[in-house]
Amino acid sequence: MSARVVAEDRPGQAAWRTAALQRLWAATPALRYCAAVYLVVRVALFVLASAAWSLSAEPAAAMPDGTPLPLTSGWHNAITDWNREDANWYLYVASHGYSAHDGTAVFLPGYPMLVRLVGYLCFGHLLLAAYLVSNAALLAGMVIMYRLTEREYDVVTARRAVLYLAIFPTAVFLFGLYSEALFLMFAVGALALARQGRWGWAGLVGIGATLTRSVGLIVALALAVEAIHQTVEWRRQRNGISWRATFSNAAPRLGASVLPLSGTIGYLLYWQLRYHDWYRPISLQKTWWQRDVVPPWQPVWRGLELALRSGSLGGQGWAAFDFVLVAAGLMLGIWVAVRARPVYAVYTWGCMLFGLADSFTQRPLATDPRYLVVVFPLAWALARLSQRQGWHDAVVACSAASLAIVSWLFLTTVAVY
Amino acid sequence: MTASVAAEHRNDPAGGSPGRSRGAQDWLPALTYCAGLYLVIRVALFLLGAAAWGLTTEHASVTPTGPPPALTNGWHNAITGWNKQDSLWFLQIAQHGYSAHNASGAFFPAYPILIRLVGFLCFGHLLVAAYLVSNGALLAALVIFYRLTEREYDEAAARRAVLYLSVFPTAFFLFDTYSEALFLLAAVGALALARSGRWGWAGLTGIAATLTRSAGLAVVLALAAEAVHQAIEERRGAPPGRATRLGLAPRTVLRLGASALPLAGIGSYLLFWQLRYHDWYTPIRLENTVWGHVFTPPWQTLWDGLTIAWRYGQSGNEGWWALDFVLVAAGIVLAIWAAVRVRPVYTVYTWASILLFLWAGWPGRPLMSDPRYLVTIFPLFWPLALLGRRPGVHQAVLGVSAAAMAIVGWLFLSTTLVY
Numbered sequence: 143m144s145a146r147v148v149a150e151d152r153p154g155q156a157a158w159r160t161a162a163l164q165r166l167w168a169a170t171p172a173l174r175y176c177a178a179v180y181l182v183v184r185v186a187l188f189v190l191a192s193a194a195w196s197l198s199a200e201p202a203a204a205m206p207d208g209t210p211l212p213l214t215s216g217w218h219n220a221i222t223d224w225n226r227e228d229a230n231w232y233l234y235v236a237s238h239g240y241s242a243h244d245g246t247a248v249f250l251p252g253y254p255m256l257v258r259l260v261g262y263l264c265f266g267h268l269l270l271a272a273y274l275v276s277n278a279a280l281l282a283g284m285v286i287m288y289r290l291t292e293r294e295y296d297v298v299t300a301r302r303a304v305l306y307l308a309i310f311p312t313a314v315f316l317f318g319l320y321s322e323a324l325f326l327m328f329a330v331g332a333l334a335l336a337r338q339g340r341w342g343w344a345g346l347v348g349i350g351a352t353l354t355r356s357v358g359l360i361v362a363l364a365l366a367v368e369a370i371h372q373t374v375e376w377r378r379q380r381n382g383i384s385w386r387a388t389f390s391n392a393a394p395r396l397g398a399s400v401l402p403l404s405g406t407i408g409y410l411l412y413w414q415l416r417y418h419d420w421y422r423p424i425s426l427q428k429t430w431w432q433r434d435v436v437p438p439w440q441p442v443w444r445g446l447e448l449a450l451r452s453g454s455l456g457g458q459g460w461a462a463f464d465f466v467l468v469a470a471g472l473m474l475g476i477w478v479a480v481r482a483r484p485v486y487a488v489y490t491w492g493c494m495l496f497g498l499a500d501s502f503t504q505r506p507l508a509t510d511p512r513y514l515v516v517v518f519p520l521a522w523a524l525a526r527l528s529q530r531q532g533w534h535d536a537v538v539a540c541s542a543a544s545l546a547i548v549s550w551l552f553l554t555t556v557a558v559y
Numbered sequence: 170m171t172a173s174v175a176a177e178h179r180n181d182p183a184g185g186s187p188g189r190s191r192g193a194q195d196w197l198p199a200l201t202y203c204a205g206l207y208l209v210i211r212v213a214l215f216l217l218g219a220a221a222w223g224l225t226t227e228h229a230s231v232t233p234t235g236p237p238p239a240l241t242n243g244w245h246n247a248i249t250g251w252n253k254q255d256s257l258w259f260l261q262i263a264q265h266g267y268s269a270h271n272a273s274g275a276f277f278p279a280y281p282i283l284i285r286l287v288g289f290l291c292f293g294h295l296l297v298a299a300y301l302v303s304n305g306a307l308l309a310a311l312v313i314f315y316r317l318t319e320r321e322y323d324e325a326a327a328r329r330a331v332l333y334l335s336v337f338p339t340a341f342f343l344f345d346t347y348s349e350a351l352f353l354l355a356a357v358g359a360l361a362l363a364r365s366g367r368w369g370w371a372g373l374t375g376i377a378a379t380l381t382r383s384a385g386l387a388v389v390l391a392l393a394a395e396a397v398h399q400a401i402e403e404r405r406g407a408p409p410g411r412a413t414r415l416g417l418a419p420r421t422v423l424r425l426g427a428s429a430l431p432l433a434g435i436g437s438y439l440l441f442w443q444l445r446y447h448d449w450y451t452p453i454r455l456e457n458t459v460w461g462h463v464f465t466p467p468w469q470t471l472w473d474g475l476t477i478a479w480r481y482g483q484s485g486n487e488g489w490w491a492l493d494f495v496l497v498a499a500g501i502v503l504a505i506w507a508a509v510r511v512r513p514v515y516t517v518y519t520w521a522s523i524l525l526f527l528w529a530g531w532p533g534r535p536l537m538s539d540p541r542y543l544v545t546i547f548p549l550f551w552p553l554a555l556l557g558r559r560p561g562v563h564q565a566v567l568g569v570s571a572a573a574m575a576i577v578g579w580l581f582l583s584t585t586l587v588y
């Protein structure tokens, strides 16, 4: 490279650096606000776990191999108590890897792989690594969501939406050792990048989503819808443009939106190559976890029936509990369908229908309330509907109270997962 | 305060302009806001009652007569699930009156008397009557508290203060069939009337406070402090001259007399026990013999609470001392702020209330019930309301407080260790 070319590059590099700094500077208010919200809820949840330990007779969480985790007194319960249910499974996969002889295959590898990697930096302490991964992902997810909301609506909506997401009744799973936070970061990241027209990055980030949760497939679907939408918008701006030009404009976008499928395919390929059974992650859902694929309306109807039948029976109200939370999500979903951009409507309803179609036989809507927490456009619906201060206060109070109760039930029973 | 100013205040207790229609208009925003707030929390608490029944194996509370009430399935648990602990005693007294053979003497008569009276309108359904009395009193108290805060600070602070009071971690006792809401109404009413110079009504309202809870004594002290404070203010504002200053003396004596009036409530209750059972000391003695309260210096109660909380806070299912201590400590921190920043009448009310309950500690669980007593000390919510001017602080206070109320309410419903 000649000296002249280097000299020409210098202004280009400077401009790039300035643009990067400007982007960083623009994200500072979002980071500051999200960090404050995160910290308050994070500390509150640790205090809650300590209280749950000291004010109830907690059942011990079981490890994937069946052995119960030992319960010991101490302030450490504020942190260790969150290691329950699926969290145990993720740590197990991170520690021992997959096996063809247990139920590990249904837990996609994005989160446990990162836990394992960060674990090396934490001197093998996987619990700490799991917290670092999920909480850093959550904070990043919140910041991206804030910026995206700012773009789609305004700052006030952004602040409210991030807050509502952080205190959503099942937001406990975002702060816990679950893969929801990582998935949220990838999903909101992929859609935000697609909205900016950075389709290559969007596709790559989408791979992160499909490697983290099976519902990542919906990210691919939403990206495809956005690709078409942007092409339609592009065509409208250019009267009389040929279809050939339109297709050539759409092709790279559609190609990028298909990219995330490689995450799911890669994982199934791993099972084929390692255990000669690519279908195991899917078949286990039924054989090990008692989940059936059903029409989405069926679990909602059965959930309602069960809720009405057993909701008022002492200790048997779990179906009602599930139904109330899912119904709230569905109602907010209607707003998203009507008022939000198609990409978000498709993402919202795709995620909800995907979760509903994969139903437990005994308790049709179990875990569906947890799945709602990654459907971030629902928080937009709440934020737009709660523009008056009184409504905002009501949402904050009711949502925070519900989060506290759901967290308490997660910590003190084995019926919330 | 000059005579003309006093006259103006008599026309308008809350500091608005005179005139009946204007007065009603002044009260309307307070009523609308408080009613909306009350309704949201009322419904949420009923839902919590139903959820606690549906999602836990609830413990039946012990009744005054011994056997626990039957627990039955049904949505009615949203309402009846809250009828636990002291509620059962109040209903028992409302139905059967006092007895020298049980611990009913420790429960002051105003709330059960009102339940009994309203019960006649409810065709004898005392639980409905109890809800009507306590919830009606709560709504009235919220409105008066709103107006008083508006007078002392501003409308925005009033809205936040009322909101924070309603979602305080133990605020569910205000919505429940306990006597706290009625006491709050009498206390805030008496102090608001005294502040507007209506001393006769303040004294009479104070009687209702001392007839409702023994903590009514704090209202007496606060009224006396306000009487002295008003005298000092008038003395400062009066023109020089001996005659004018001498003219202030009778007014001060009258105010001090009005502030002593609430003592008649406690006096008459003890007189009732003397006349009916020939033992006026029963209500006081029962606190120790049946309910296990021991009179100890307040600092000792607090210290014992802290040491036990620290010792057992981290032990499984033994953190009740820590729960008590954390809530009481939060109240004391706010009370310190109040002592520095608010008018003396509220400082006296706040600290007299706190010292009164700390004075009667339980040896086994020194701060038990104290978190509940905090909910009637309304000046504690002013520091919070002023801090809540910043939206971030407001959201944090609201969210954390509502979450804490949900958990403490849940523990009240699903255990027998919160009362």
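Those protein sequence lines, which keep their order, are chains A and B. If you count the first sequence from 1, you need to add 142 to reach the working numbering. If you count the second sequence from 1, you need to add 169 to reach the working numbering. Glycine residues also receive a C-beta, built at the ideal position from the N, C-alpha and C atoms. Source: prediction; values computed, not measured.
query	result
Do the CB positions of B:Ala563 and B:Arg329 come within less than 9 Å of each other?	Per the sequence shown, residue 563 of chain B should be read as His rather than Ala. Against a cut-off of 9 Å, the Cβ pair of B:Arg329 and B:His563 comes out as a contact.
Report the residue ranges of all alpha helix (DSSP H) runs contained in full by the region 252-301 of chain B; include only those spanning at least 4 residues, in chain order.	255-265, 279-290
Buried or exposed: B:Lys253, going by 16 or more other Cβ atoms within 10 Å of its Cβ?	buried
Along the chain, which unbroken stretches of the alpha helix (DSSP H) at least 4 residues long are found entirely within the region 424-456 of chain A?	439-452
Which residues of chain B have a Cβ atom closer than 9 Å to the Cβ of A:Phe463, listed in chain order?	Ala220, Gly223, Leu224
What does the alpha-carbon distance come out to for the pair B:Gly358 and B:Ala573?	28 Å
Is it buried or exposed for B:Phe289, if we count other Cβ within 10 angstroms and need 16 for buried?	exposed
Which of the three DSSP states is assigned to B:Gly485 in this structure?	coil
In or out: B:Ala299 buried (at least 16 other Cβ within 10 Å) or exposed?	buried
Between which two residues does the alpha helix (DSSP H) containing B:Ser570 stretch?	560-583
I want to see whether chain A comes within less than 9 Å of B:Val569, judged by CB atoms only; does it?	yes
What span of residues does the alpha helix (DSSP H) with B:Asp539 cover, start to end?	539-542
Would A:Val516 pass as a contact of A:Leu256 if the rule is Cβ separation under 9 Å?	no
Strictly under 9 Å for the Cβ-Cβ distance: is A:Glu368 near chain B by that measure?	no
Which parts of the region 239-271 of chain A are runs of the alpha helix (DSSP H), unbroken and 4 residues or longer, counting only runs that do not cross its ends?	252-263
I want to see whether chain B comes within less than 9 Å of A:Cys176, judged by CB atoms only; does it?	no
Here's the rule I'm using: 16 or more other beta-carbon atoms within 10 Å means buried, otherwise exposed. How should A:Pro210 be labelled?	exposed
Rounding to the nearest angstrom, what Cα-Cα distance links B:Ser303 and B:Gly434 in this structure?	19 Å
Have a look at B:Leu317 and A:Ala508 and give me their C-alpha separation to the nearest angstrom.	48 Å
Can you give me the start and stop residues for the alpha helix (DSSP H) that B:Phe526 sits inside?	513-528
In the DSSP assignment, what residue or residues form a beta bridge with A:Pro210?	A:Ala204
Within its chain, find whatever has a CB closer than 6 Å to the CB of A:Leu236; leave out the 5 residues flanking it on each side and keep chain order.	It is Ala, not Leu, that sits at residue 236 of chain A in the sequence shown. Contacts found: Pro254, Val257, Arg258, Leu268.
DSSP state of A:Leu500, grouped into three classes?	The displayed chain sequence assigns Asp, not Leu, to residue 500 of chain A. Note: A:Asp500 maps to strand in three-state DSSP.
Closest Cβ-Cβ distance between A:Trp460 and chain B: below 9 Å?	yes
With distance defined between alpha-carbon atoms, name the residue in A:Ser198, A:Arg226, A:Ile221, A:Leu213 nearest to A:Pro206.	A:Arg226
Could you say which of B:Gly426, B:Asp493, B:Val511, B:Val514 lies nearest to B:Trp531 if we only look at CA atoms?	B:Asp493
Apart from the five residues on each side of it in sequence, which residues of its chain come closer than 7 Å, Cβ to Cβ, to A:Val548?	Pro311, Thr312, Val314, Val558
Select from A:Thr429, A:Gly456, A:Val466 the residue whose C-alpha is nearest the C-alpha of A:Gly445.	A:Val466
Using a Cβ-Cβ cut-off of 6 Å (strictly less than) and excluding sequence neighbours within five positions of B:Tyr207, which residues of its own chain qualify?	Leu308
Can you say whether A:Met563 is buried or exposed, counting buried as having 16 or more other CB atoms within 10 angstroms of its CB?	Within the shown structure, residues of chain A are numbered from 143 to 559, placing residue 563 of chain A beyond reach of any answer.
With 9 Å as the threshold, decide whether the Cβ of A:Ile221 is near any Cβ in chain B.	no
Would you check if the distance between the CB atom of B:Val594 and the CB atom of A:Ala186 is smaller than 9 Å?	It is not possible to answer for residue 594 of chain B, since the shown part of chain B is limited to 170 through 588.
Looking at chain B, is there any beta carbon in it that lies within less than 9 Å of the beta carbon of A:Met143?	Only weak support exists for where A:Met143 lies, its pLDDT of 44 falling under 50; the coordinates are left without a value.
So is B:Gln399 buried or exposed if we call it buried at 16+ other beta carbons inside 10 Å?	buried
Is it right to say B:Gln261 is buried, meaning 16 or more other beta carbons lie within 10 angstroms of its own, or is it exposed?	buried
Please determine, among B:Asn242, B:Trp244, B:Leu527, B:Asn246, the residue with the shortest C-alpha to C-alpha distance to B:Trp468.	B:Leu527
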